[in-house]
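To keep things clear, I will list the structure first and then write my remarks on it.
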Amino acid sequence: MHPAFSVVFFTTATGAGYGLLALLGVLGGLGLIPPDFWFGLIGMGLALGLIAAGLLSSTGHLGRPERAWRAFSQWRSSWLSREGVSSVLTFIPAGLFGIGWLFFGRTGVWVTLAGLLAAVGAIVTVCTTGMIYASLKPIAQWHSRFTLPGYLIFSAMTGSVLLNALLQVFAIGSTAIAAAALLVTMLGWGWKLATWRYNDALEIATTANTATGLTGGTVRSLEWPHTEENYLLKEMGFRIARKHGAKLRLITQILAFALPALLLLAAIFLPWPLAAIASVLAAFAQFAGMLVERWLFFAEAKHTVTLYYGR
Amino acid sequence: MTCLPAHTDKRLGLVIDLDTCVGCQACVTACKEWNTGGHMAPLTDIDPYGSNVDGVWFNRVHSYEHITEMGGRTVNFPRSCLHCETPACVTVCPTGASYKRASDGIVLIDEDKCIGCKLCSWACPYGAREFDTDVGVMKKCTLCVDRIYNDNLVEEDRVPACVAACPTSARHFGDLGDPASAVSQLVADRGGVDLMPEMGYHPTNKYLPPRAHTQRAASVAAPALEPVRAEGGFLGWVDRMLSN
Chain S
1 MHPAFSVVFF TTATGAGYGL LALLGVLGGL GLIPPDFWFG LIGMGLALGL IAAGLLSSTG
61 HLGRPERAWR AFSQWRSSWL SREGVSSVLT FIPAGLFGIG WLFFGRTGVW VTLAGLLAAV
121 GAIVTVCTTG MIYASLKPIA QWHSRFTLPG YLIFSAMTGS VLLNALLQVF AIGSTAIAAA
181 ALLVTMLGWG WKLATWRYND ALEIATTANT ATGLTGGTVR SLEWPHTEEN YLLKEMGFRI
241 ARKHGAKLRL ITQILAFALP ALLLLAAIFL PWPLAAIASV LAAFAQFAGM LVERWLFFAE
301 AKHTVTLYYG R
Chain F
1001 MTCLPAHTDK RLGLVIDLDT CVGCQACVTA CKEWNTGGHM APLTDIDPYG SNVDGVWFNR
1061 VHSYEHITEM GGRTVNFPRS CLHCETPACV TVCPTGASYK RASDGIVLID EDKCIGCKLC
1121 SWACPYGARE FDTDVGVMKK CTLCVDRIYN DNLVEEDRVP ACVAACPTSA RHFGDLGDPA
1181 SAVSQLVADR GGVDLMPEMG YHPTNKYLPP RAHTQRAASV AAPALEPVRA EGGFLGWVDR
1241 MLSN
């Protein structure tokens, strides 16, 4: 599948944004994060900013973005529509929570409720994003039991690493949060390795034989219907060389998992401000690494239409 | 609504005979000609005379080499929308632009509602949908809805343009939901198959596999030629000299 940057950035940014929003909603709503106005403002600003930037970026993928409002209508059948609806609905409790938490005393039943609802909205939205991909049968690497948990784990991972970085910058970090971010990062690493192992061993039932209805023997593409690449090949025929894939997987592992894990471990033991610097570096490295991971998620996915072209 | 109809009154579709298709591309050009002025018009061409030719086509004909223990053969393979019974391209549509008609089962796009998110083309395993980068919307085969119900055409022309154009009658159009229809009979007689049945999309269009190879060869009644006799005279002498 063609890795369009607008979609790669969209899923990575909203994943991190919703992860951070969910954590702020739960921890802030329950009063587990020490109250600080500027921390709250920048934290909520970053979470909602990442979400808004991601959503705006996703409209860059559309052929007719001025009609994007129509995408809220088909939530009964379409995961993309459900994503649109839940992403917009989540802004309501998130906004209420932000106002209550930052400007009005930060506690109280309705602030807690809004925080928890924002967290639920964030989780639901990440689920809908994951299901858009997991529900596509023609792409075996996406239509697997690894896709939905992957989106949730990576959202929690990038969100918690961001939260830890913010807390550390304001010198209100805690070992518990840093350790949690480290644990989820290790979980994400393990999940990604398991996903790659599954995909590499995948035996796909759909072949050039079933695609053409010609049974037995071998079916070899002699001639395409067209001389140049068409929409199908540009959008779904993207191929990545095996050696490039291996290199990018290594880069993903270093930037998204290994380096952040080491930096988070260091942050637990280092004094401030070194802990803050390590935490911020971990967040930046991980975001860059997750962009590579998401690029590979598309680039390594093979659509069944490529079988018609002998690919 | 992008939810699928529980039942369609008819299941209009095509039956494509891989035994008789000669890969002449007449169906491709006839489709392009009709539909660039039809329901989903235009079928945009990008840089048609340049080096990066691109454009929207509803019907593409591939050529394959199929090798089995019985030998090898070339199979020409037209590929277009199969108007599936459970088309995921419709259910994934977030705007309601894609729909399957309850009356005849045809899968269509309302161009005015399409936002060009391309998700339907990802959901189609067959590559039936092509994006029009110029208009910014998705396009696909309409089964020539503007021909098959068109009272302005004489009755025999009320078939999809590809069917009307086929010089070898490799394309057949009809109601595959009616077991008594000519197309259903043809599918039953020739063992018509679904493409990618494991996907579970239940395509309406059927493909008739090439007929089995035969060991028949053309029989020749004429006797075998006699070996050439060496002749006398000058030419005979030359022949003898050269043969030594």
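As you go down the protein sequences, you meet chains S and F in turn. 1 is the number of the first residue of the first sequence in the working numbering; add one for each residue after it. 1001 is the number of the first residue of the second sequence in the working numbering; add one for each residue after it. Each residue gets a CB set at the ideal place from its N, CA and C atoms; glycine is no exception.
beta-carbon residue i near the ligand NAD non-hydrogen atom, thresh 7 Å
i	result
F1131/F	What this structure holds is no ligand at all, so the ligand NAD is not there to describe.
Chain F contact residues for residue i, given Cβ-Cβ distances below 8 Å
i	result
T232/S	The amino acid at residue 232/S is misidentified as Thr; the sequence shows Leu. Going along chain F in sequence order, the residues near L232/S (Cβ under 8 Å) are S1121, G1127 and E1130.
L62/S	I1115, G1116, C1117 and G1136
G43/S	What G43/S touches in chain F: nothing, since even the nearest Cβ is about 31 Å away.
R67/S	T1095, K1113, C1114 and I1115
Residue i: contacting residues in chain S (beta-carbon distance under 8 Å)
i	result
C1124/F	P138 and V305
G1096/F	R70, S73 and Q74
T1074/F	L222
M1196/F	T206, T210, A211 and T304
R1190/F	Going along chain S, no residue has its Cβ under 8 Å from R1190/F, so there is no contact; the nearest lies around 12 Å.
M1199/F	K137, P138, T206 and T304
V1220/F	The premise fails here: V1220/F is roughly 31 Å from chain S at the closest Cβ pair, so nothing lies under 8 Å.
Buried or exposed (CB count within 10 angstroms, at least 16 for buried), residue i
i	result
Y1049/F	exposed
R1129/F	buried
A189/S	According to the sequence displayed, residue 189/S carries Trp and not Ala. By the neighbour-count rule (16 or more Cβ atoms within 10 Å), W189/S is buried.
L1195/F	buried
L30/S	exposed
A1123/F	buried
F1234/F	exposed
H1202/F	exposed
A1222/F	exposed
K1100/F	buried
N1150/F	exposed
L264/S	buried
K243/S	exposed
D1054/F	buried
I51/S	buried
G15/S	buried
W1034/F	buried
L90/S	Looking at the sequence provided, one finds Thr at residue 90/S rather than Leu. With 16 or more other Cβ atoms within 10 Å, it is buried.
Under 9 Å from the C-beta of residue i: neighbouring residues of chain F
i	result
W189/S	Those within 9 Å of W189/S in chain F number zero; the least Cβ separation is about 28 Å.
G18/S	According to the sequence shown, residue 18/S is Tyr rather than Gly. Going along chain F, no residue has its Cβ under 9 Å from Y18/S, so there is no contact; the nearest lies around 19 Å.
Per DSSP, the bridge partner or partners of residue i
i	result
I1046/F	D1054/F
T1068/F	G1071/F
R1079/F	R1060/F
V1135/F	DSSP output for V1135/F lists no bridge partner at all.
I132/S	In DSSP, I132/S forms no bridge with anything.
L1176/F	Answer is none; L1176/F lacks a bridge partner.
V219/S	H1066/F
Y177/S	Sequence inspection shows Ile at residue 177/S; the Tyr mentioned does not correspond to that position. Its beta-bridge partners do not exist; DSSP assigns none.
H61/S	None, per the DSSP bridge assignment.
H303/S	I139/S
E1130/F	K1139/F
I1109/F	S1098/F
Contacts of residue i in chain S (Cβ-Cβ under 9 Å)
i	result
A1088/F	S135, L136, K137 and P138
N1052/F	E228 and E229
R1060/F	W224, P225, H226, N230, L232 and Y308
Proximal residues of chain S, C-beta to C-beta of residue i below 7 Å
i	result
S1063/F	L222 and E223
F1077/F	T212
V1193/F	G213
Per-residue contacts from residue i into chain F (C-beta, under 7 Å)
i	result
T218/S	I1067
L55/S	None at all; the shortest Cβ gap to chain F is about 13 Å.
V78/S	What sits at residue 78/S in the sequence shown is Ser, not Val. By Cβ distance, chain F contributes T1002, T1091, V1092, C1093 and P1094.
Y151/S	By Cβ distance, chain F contributes nothing, its closest Cβ being about 16 Å from Y151/S, past 7 Å.
Any chain A beta carbon closer than 8 Å to residue i
i	result
V1145/F	This model lacks chain A altogether; the protein chains it does include are S and F.
Q) Below 8 Å, can you find three or more Cβ-Cβ pairs linking the stretch 120 to 139 of chain S to the stretch 74 to 87 of chain S? A) yes
(Q) Any C-beta of chain S within less than 7 Å: which residues of the stretch 1202 to 1217 of chain F qualify? (A) Y1207 and P1209
Q) Closer than 8 Å, Cβ to any Cβ of chain F: which residues of the stretch 196 to 217 of chain S, in chain order? A) A205, T206, A208, T210, A211, T212, G213, L214, T215, G216 and G217
**Q.** the stretch 1032 to 1051 of chain F contacting the stretch 1140 to 1148 of chain F, beta-carbon criterion three pairs below 8 Å
**A.** yes
**Q.** Contact the stretch 6 to 21 of chain S vs the stretch 49 to 67 of chain S: 3+ CB pairs below 8 Å
**A.** These segments touch.
Q: Would you check if the stretch 1045 to 1061 of chain F and the stretch 1083 to 1097 of chain F touch, i.e. whether three or more CB-CB distances between them fall below 8 Å?
A: no
Q | chain F contacts from the stretch 80 to 92 of chain S (Cβ-Cβ distance under 9 Å) | A | Hits within the stretch, in order: L80, S81, R82, E83 and G84.
(Q) Counting beta carbon pairs with one atom in the stretch 289 to 302 of chain S and one in the stretch 238 to 252 of chain S, are three or more of them shorter than 8 Å? (A) Under the 8 Å Cβ criterion, the stretch 238 to 252 of chain S counts as touching the stretch 289 to 302 of chain S, having at least three qualifying pairs.
Q) For the 8 Å Cβ check, are there 3 or more pairs between the stretch 84 to 103 of chain S and the stretch 1107 to 1119 of chain F? A) no
Q: Could you tell me whether the stretch 1079 to 1093 of chain F touches the stretch 257 to 274 of chain S, where touching means 3 or more Cβ pairs closer than 8 Å?
A: no
Q. So, do the stretch 1017 to 1028 of chain F and the stretch 1160 to 1167 of chain F have three or more beta carbon pairs nearer to each other than 8 Å?
A. Enough Cβ pairs lie closer than 8 Å, so yes.
Q. Of all the residues that make up the stretch 285 to 305 of chain S, which are near chain F by a beta-carbon distance shorter than 9 Å?
A. H303, T304 and V305
Q.
Pairs of beta-carbons, one from the stretch 1202 to 1212 of chain F and one from the stretch 211 to 219 of chain S, closer than 8 Å: are there three or more?
A. yes
Q | Sufficient close CB pairs (3 or more, under 8 Å) joining the stretch 158 to 166 of chain S to the stretch 195 to 203 of chain S | A | no
Q. When the Cβ atoms of the stretch 1055 to 1067 of chain F are set against those of the stretch 222 to 237 of chain S, are three or more pairs found closer than 8 Å?
A. yes
Q.
Tell me whether the stretch 173 to 185 of chain S and the stretch 133 to 152 of chain S touch, counting them as touching only if at least three CB pairs, one residue from each stretch, are closer than 8 Å.
A. no
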